[in-house]
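The block underneath contains the structure these notes are about, expressed in C-alpha cells.
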Amino acid sequence: MASEKKTRGSFVRKLRSKYRLVISNAETFQEVWGMRLSRMNLMVAVGGFFLLVLLLSWVVIFFTPVRELLPGNSSQAITQQVVGNALRADSLEREVTLWNTYLANLRVILRGGTPEISVEKPDSVVNTRGAEYTRSGEDSLLRAQVEQDFLLMGSTGTSSAASGKPWGRLVPPVQGQVSGAYSKGSGHQGTDIVTAADATINCVADGTVLLASWNQETGFSIMVQHPSGLVSIYKHCKRLLKKNYESVKAGDALGIVGNTGEQTTGPHLHLELWYQGTSINPEDYIAFGK
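Residue numbers (this note's numbering): 2 to 291.
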C-alpha cells in the first residue's frame, strides 16, 4: 500500500512539475520569449485544441452548405431541382422526337410521297388515371354563345366552318388549266396547273412559310402553314420569292412558275393541300379556270 501511494504521488508530482519553454537567440543566447508550463498544462492545452477543432468541424458541417455534400444529406431544394431537370429532359427528348418526325414528313411531302401519321404518345410524367372533367358555368355560357353564332352564320351562309372549310376562302395560286388531276390512289397527291410562262404563284391563304428549298425530284418548292391545320405546297417553281419562317398573306407572291426538278415534263405548278396530315383535292376548294 505504501509503495502504491508513493508511486501515485510521484506520478502526480511529475504532472505538476514546472518547466520553462524558452526561445533564445542562437548567436547571443539572449532570451527572446519564455513560458512556464507543466505536463498537465500541456495535456490540457492539447486536449482543448482538439476539442475546439472538433467543435468547429461540427458547426461547419451541420450549419453550412457543406452538409449537403455528405451522402444522404441533400437539401430539399437540390432534390426538387434534380426532379425538375429530369422532367425537363424527358419533355425535351419528347419534343426532339416529334420535331424529327415532323421534318421527316416534310421531306416526304416535298418529294411527292405520303407521310406516315404517327400517333403521339401521352406524356410519361403525367398521370391521367382518375382525372375528372367538370364543366364550369363560364364554359357552358361560352359554348351556348358559340353555338348560337354558328347557327346565325350558317343561316346567312357566311360561315366557312358551316360550309366544310375551316380555313375560309382560298385564293387561286395561278389561273390556268388543270393538266393533272388529284389522284390519291395513284400517288398523285396534288393538282397540276398549266399557266402562262413566268406567271406569279400566289399564296392561297394567310400563313407562315415552313420550308423554302430545292430538291432533286421537285426542284424549287415552298411549303406554307395556314390556320386550322391546313398546309399548302407549291412545287417545280422557277425561283422562290419567300424565305423560311416568313409570314405571308393571301395573294402574296411566293414564287415564279417553272419547270425545275426531275418529276416534271414542262412548265406548270404542282399544288398540294394537306389538312391535319391528310392530302385533299385542291379542285374541291379552288377554281383554277380563267
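Each residue gets a CB set at the ideal place from its N, CA and C atoms; glycine is no exception. For clarity, every value in this text was computed on a predicted model and none was experimentally measured.
- Scanning the stretch 15-42 from its first residue to its last, the whole beta strand (DSSP E) runs of 3-plus residues come out as 19-25, 32-39.
- According to the DSSP assignment, Cys238 belongs to the beta strand (DSSP E) that extends over 231-241.
- Here Gly256 is not near Ile234, since their CB atoms are 8 Å or more apart.
- The Cβ atoms of Thr196 and Leu270 lie closer than 8 Å to each other.
- Contact between the stretch 171-185 and the stretch 197-207 is established, with three or more Cβ pairs separated by less than 8 Å.
- CA-CA distance, Val232 to Gln178, rounds to 22 Å.
- Distance from the CA atom of Glu94 to the CA atom of Thr80, rounded to whole angstroms, is 21 Å.
- Between Pro167 and Ser229, the C-beta gap is smaller than 8 Å, which places the two residues in contact.
- For Phe221, the number of other beta carbons within 10 angstroms of its own is at least 16, and it is reported as buried.
- When the five nearest sequence neighbours on each side are left out, the beta carbons in the same chain lying within less than 7 Å of the beta carbon of Lys244 are those of Val210, Ala213, in order along the chain.
- One Cα belongs to Leu88, the other to His189, and the distance between them is close to 43 Å.
- With 16 or more other Cβ atoms from the protein chains shown falling within 10 Å of its own Cβ, Val225 counts as buried.
- Minimum Cα-Cα distance from Lys15 among the listed residues Asn216, Leu38, Tyr286 corresponds to Leu38.
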